[in-house]
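**Q**
Residue numbers (our numbering): 336 to 497.
Set out below in structure tokens:
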């Protein structure tokens with residue numbers, strides 16, 4: 336009985352931890368602007384994952400059933416989209432200066448972080464939309480690191496105790 340309770344309580348702590356529970360592509364693209372707040376990206380709690388699970392299953396198969404996707408699940412495109420976008424943006428001057436993170440979920444590209452100028456966001460969205468299989472692209476960015484981020488940010492990590 337005590338072991339079961341310990342496992343149950345330990346699971347409760349892990350449930351609140353923000354993790355990339357669906358394995359969505361999530362990676363930094365650039366790190367030019369110091370102090371840019373790191374986005375939460377696809378990291379969610381276990382409770383949020385339970386809420387999203389049905390929607391993700393429905394969204395993934397609806398794409399195929401409607402004839403919009405050749406794959407039986409819209410999320411199968413995500414790793415390929417992330418790799419292609421990473422390659423495309425590396426070759427474009429508009430990526431710099433910025434500190435950006437890339438997330439791809441169900442053929443939707445999210446670019447979150449900081450850029451130096453307002454026109455960068457629109458140019459980055461256009462570059463992402465030009466890729467095959469991208470349904471939508473959103474640049475959710477702050478202009479400079481001092482601006483309040485328009486995206487959810489990672490909570491501060493507790494200081495190391497020596």
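Every residue, glycine too, gets a C-beta built ideally from N, C-alpha and C.
Name the residue from 487, 478 and 441 whose alpha carbon lies nearest to the alpha carbon of residue 399.
**A** Here residue 399 refers to the residue found at position 64 of the chain shown. Minimum Cα distance to residue 399 is reached at 441.
**Q** If I follow the unbroken beta strand (DSSP E) through residue 371, where does it start and stop?
**A** The residue you call residue 371 lines up with position 36 of the chain shown. Counting along the chain, residue 371 falls outside any beta strand (DSSP E), and DSSP gives it neither H nor E.
**Q** Start and end of the alpha helix (DSSP H) containing residue 416?
**A** What you label residue 416 is simply residue 81 of the chain shown in a count that begins at 1. Its alpha helix (DSSP H) spans residues 413-425.
**Q** State the Cα-Cα distance for the pair residue 418 and residue 351, rounded to the nearest angstrom.
**A** Taking the first residue of the chain shown as 1, we reach residue 418 at position 83. Taking the first residue of the chain shown as 1, we reach residue 351 at position 16. About 30 Å.
**Q** For residue 402, count the other beta carbons within 10 Å of its own beta carbon; 16 or more makes it buried, fewer makes it exposed. Which is it?
**A** Residue 402 sits at position 67 when you count from the first residue of the chain shown. Flag for residue 402 reads exposed.
**Q** Could you tell me which residues DSSP pairs with residue 354 in its beta bridges?
**A** Here residue 354 refers to the residue found at position 19 when the chain shown is read from its first residue. Per DSSP, 379.
**Q** Opposite residue 474 in the DSSP bridges: which residues?
**A** Stepping through the chain shown from its first residue, residue 474 is reached at position 139. Paired residue(s): 446.
**Q** Between which residues of its own chain and residue 498 is the CB-CB distance below 6 Å, once the five residues before and five after are set aside?
**A** Any property of residue 498 remains undetermined from this structure, which presents the chain solely from 336 to 497.
**Q** Alpha carbon to alpha carbon, how far is residue 434 from residue 448?
**A** On the chain shown, position 99 is the one that residue 434 refers to. On the chain shown, position 113 is the one that residue 448 refers to. About 6 Å.
**Q** If you follow the alpha helix (DSSP H) that residue 460 is in, where does it begin and where does it stop?
**A** Along the chain shown, read from residue 1 onward, the residue named residue 460 stands at position 125. Element bounds for residue 460: 453-464.
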